[in-house]
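The structure under discussion appears below in the form of structure tokens.
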Amino acid sequence: MKYISILGSTGSIGTQTLDVVREHDDELKVCAITGNNNIELLREQIIEFSPMLCCVMNEEKASALKNILPSNVKTEIMSGMDGLIAAAEYEKSEIIVTAVSGMIGLKPTVAAIKKGKTIALANKETLVTGGDYIMNLARQYHAPILPVDSEHSAIFQSLMANDKKSINKIVLTASGGPFRGKNTDFLKNVKVEDALKHPNWSMGKKITIDSATLMNKGLEVIEAKFLFDVEPEQIEVVVHPQSIIHSGVEFCDHSTIAQLGLPDMRVPIQFALFYPKRLNNSYKSLSLSEIGNLTFEKPDMEVFKCLRLAFDSLREGGTMPAVLNASNEVCVSLFLDKKISFLEIGDLNEKIMNMHKKEKIESIETILSAEEWTKRTINSLLKN
Ligand code: NDP
Ligand code: MG
Numbered sequence: 102m103k104y105i106s107i108l109g110s111t112g113s114i115g116t117q118t119l120d121v122v123r124e125h126d127d128e129l130k131v132c133a134i135t136g137n138n139n140i141e142l143l144r145e146q147i148i149e150f151s152p153m154l155c156c157v158m159n160e161e162k163a164s165a166l167k168n169i170l171p172s173n174v175k176t177e178i179m180s181g182m183d184g185l186i187a188a189a190e191y192e193k194s195e196i197i198v199t200a201v202s203g204m205i206g207l208k209p210t211v212a213a214i215k216k217g218k219t220i221a222l223a224n225k226e227t228l229v230t231g232g233d234y235i236m237n238l239a240r241q242y243h244a245p246i247l248p249v250d251s252e253h254s255a256i257f258q259s260l261m262a263n264d265k266k267s268i269n270k271i272v273l274t275a276s277g278g279p280f281r282g283k284n285t286d287f288l289k290n291v292k293v294e295d296a297l298k299h300p301n302w303s304m305g306k307k308i309t310i311d312s313a314t315l316m317n318k319g320l321e322v323i324e325a326k327f328l329f330d331v332e333p334e335q336i337e338v339v340v341h342p343q344s345i346i347h348s349g350v351e352f353c354d355h356s357t358i359a360q361l362g363l364p365d366m367r368v369p370i371q372f373a374l375f376y377p378k379r380l381n382n383s384y385k386s387l388s389l390s391e392i393g394n395l396t397f398e399k400p401d402m403e404v405f406k407c408l409r410l411a412f413d414s415l416r417e418g419g420t421m422p423a424v425l426n427a428s429n430e431v432c433v434s435l436f437l438d439k440k441i442s443f444l445e446i447g448d449l450n451e452k453i454m455n456m457h458k459k460e461k462i463e464s465i466e467t468i469l470s471a472e473e474w475t476k477r478t479i480n481s482l483l484k485n
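Following the working numbering, the numbering of the sequence shown begins with 102 at its first residue and continues without gaps.
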């Protein structure tokens with residue numbers, strides 16, 4: 102039996118992780134789950150999976166959850182960051198699935214690393230903002246980081262049984278999102294509803310908007326740089342609209358190994374939970390003859406400037422990727438609230454990066470104060 106905690110069990114990755122648990126319920130036991138607002142779903146999950154601990158980030162909702170639970174439920178209910186950290190550090194849990202969205206995932210992930218837990222990392226923001234600091238911490242505490250993000254899982258799988266020192270480049274595939282091939286004139290007028298329609302993946306709102314701006318691919322470039330210890334110049338982004346090749350690695354002998362599969366996040370989630378074992382499941386098999394064509398294009402980094410900004414932030418280093426990420430989190434929520442336009446997401450991100458004086462990341466506090474600075478600066482820019 103493997104014991105796991107799921108941070109963000111009510112989200113897209115969280116619910117798909119629970120699907121994997123259903124598929125392998127003789128091998129996986131859920132010890133702790135967490136959510137923010139969706140207490141109806143947390144109630145169902147508690148009844149189905151009987152975790153020992155459940156954290157509801159929102160304090161009022163945590164009390165409300167207690168009131169709607171059947172009286173025989175023994176699950177301890179906590180709230181706030183203390184609860185999130187308790188779920189991350191839960192003694193019996195060996196694997197922590199980090200499936201919350203945004204920088205909120207940083208502190209609990211650090212807490213889990215310090216307990217030597219295995220991190221099944223979906224929350225890319227942790228590596229984007231923490232970079233080398235997180236990777237060094239994981240080495241220091243012998244906490245393996247296993248990627249859940251489909252591209253990074255593909256790269257990880259392509260590297261298995263290969264010499265990591267012989268990487269020529271990483272080939273990071275991107276679907277191109279709902280606005281692939283569009284120009285700036287078109288993008289000026291796109292609405293929230295248009296940006297939320299992803300062609301291949303069904304995901305949380307934040308990452309769906311990031312897929313439309315290509316910021317998601319940018320964050321994945323940063324994630325890949327730190328996870329696989331390569332230079333930004335060694336990462337090539339390729340638009341591949343069918344999302345069948347999930348990414349790959351070219352080695353120094355010019356042989357490329359990639360991982361293929363239908364777009365189904367349960368596959369990389371299962372891989373991270375059972376690594377290095379491969380287990381049977383009931384998911385659909387890939388038929389290349391049914392798919393027919395796999396096509397590839399260069400991304401347009403002028404129109405989709407968020408992708409370029411991600412590369413720029415890596416060249417700057419220090420707190421710059423964290424600032425880009427924090428700025429983007431604010432901008433995406435402003436866009437979802439219809440307060441800024443689609444193109445203003447990239448423009449504001451660029452402005453903030455230009456204003457930021459990067460610092461070396463010495464501790465988690467450096468990252469959090471860069472986040473604070475970013476939020477303050479965007480607020481004052483918007484007021485003027
Ligand atoms: P969702 O928006 O679907 O889910 C987010 C989860 O985090 C929910 O459980 C939500 O709770 C919880 N949450 C949100 N805000 C807070 C907060 N302030 N404090 C505590 N918990 C919070 O996101 P996704 O599942 O799509 O993405 C999760 C992470 O995985 C992201 O980092 C994303 O980049 C990454 N990822 C996602 C992929 C996907 O296919 N979805 C693919 C690869 C990576 P509630 O619902 O109760 O409000
Ligand atoms: Mg991805």
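Cβ coordinates follow ideal geometry from the N, Cα and C atoms, glycine included. Since the model is a prediction, treat every value here as computed from it, not as a measurement.
Look at the stretch 214-279 and you find these whole runs of beta strand (DSSP E), each 3 residues long or longer: 219-222, 246-248, 268-275. Counting only the Cα atoms, Pro-152 lies some 42 Å from Glu-337. No Cβ-Cβ contact shorter than 9 Å links Cys-156 with Ala-165. Judged by DSSP in its simplified three-state form, Ser-180 adopts strand. Of the candidates Val-198, Ser-276, Ile-441, Val-198 places its Cα closest to the Cα of Pro-248. Pairing Lys-307 with Gly-136 gives a Cβ-Cβ distance that is not under 9 Å.
With contacts defined by Cβ atoms closer than 9 Å, Ile-462 and Gly-232 form a contacting pair. Of the other Cβ atoms in all chains shown, fewer than 16 fall within 10 Å of the Cβ of Cys-353; this residue is therefore exposed.
Distance from Val-293 to Lys-439 at the Cβ level is roughly 6 Å; contact confirmed, criterion being Cβ atoms closer than 8 Å. DSSP, reduced to helix, strand and coil, places Ala-325 within a helical segment of the structure shown.
Here Asp-250 is actually not in contact with Glu-334; their C-beta atoms are around 21 Å apart, not less than 8 Å. Each residue's CA atom was taken as its position, placing Tyr-242 and Asp-413 some 31 Å apart.
Straight across, the Cα-Cα distance linking Lys-225 with Leu-320 is about 7 Å.
Between the alpha carbons of Met-366 and Met-421 lies a gap of roughly 29 Å.
DSSP places Phe-405 in the coil class of the three-state scheme, outside both helix and strand.
Any heavy atom of ligand 2 counts here; residues with a Cβ closer than 7 Å to one of them, in chain order, are Asp-250, Ser-251, Glu-252, Asn-317, Glu-321. Distance between Lys-385 and Phe-375, taken at the CA atoms: about 19 Å. Two segments are said to touch when three or more pairs of C-beta atoms, one from each, lie closer than 8 Å; by this definition the stretch 402-416 touches the stretch 310-317. Distances between the C-beta of Glu-226 and the heavy atoms of ligand 1 include at least one below 8 Å. For the options Phe-150, Ala-200, Tyr-104, the alpha carbon positioned closest to that of Thr-111 is the one of Ala-200. With respect to the 9 Å criterion, Lys-399 and Val-340 are classified as neighbours on the basis of their beta carbons.
Distances taken from the Cβ of Ser-113 to the heavy atoms of ligand 1 include one shorter than 8 Å.
In the structure shown, Ala-200 adopts coil according to DSSP, grouped into three states. Positions of the beta strand (DSSP E) runs, each at least 3 residues long and wholly inside the stretch 351-377, are given as 357-361 in order along the chain. Here DSSP, grouped into helix, strand and coil, assigns Leu-395 to coil. Going by beta carbons, Leu-389 and Leu-415 fall outside the 9 Å limit.
Within 10 angstroms of the beta-carbon of Pro-171 lie fewer than 16 other beta-carbons, which makes it exposed. Cα atoms of Gln-117 and Ile-370: separation of roughly 8 Å, rounded to the nearest angstrom.
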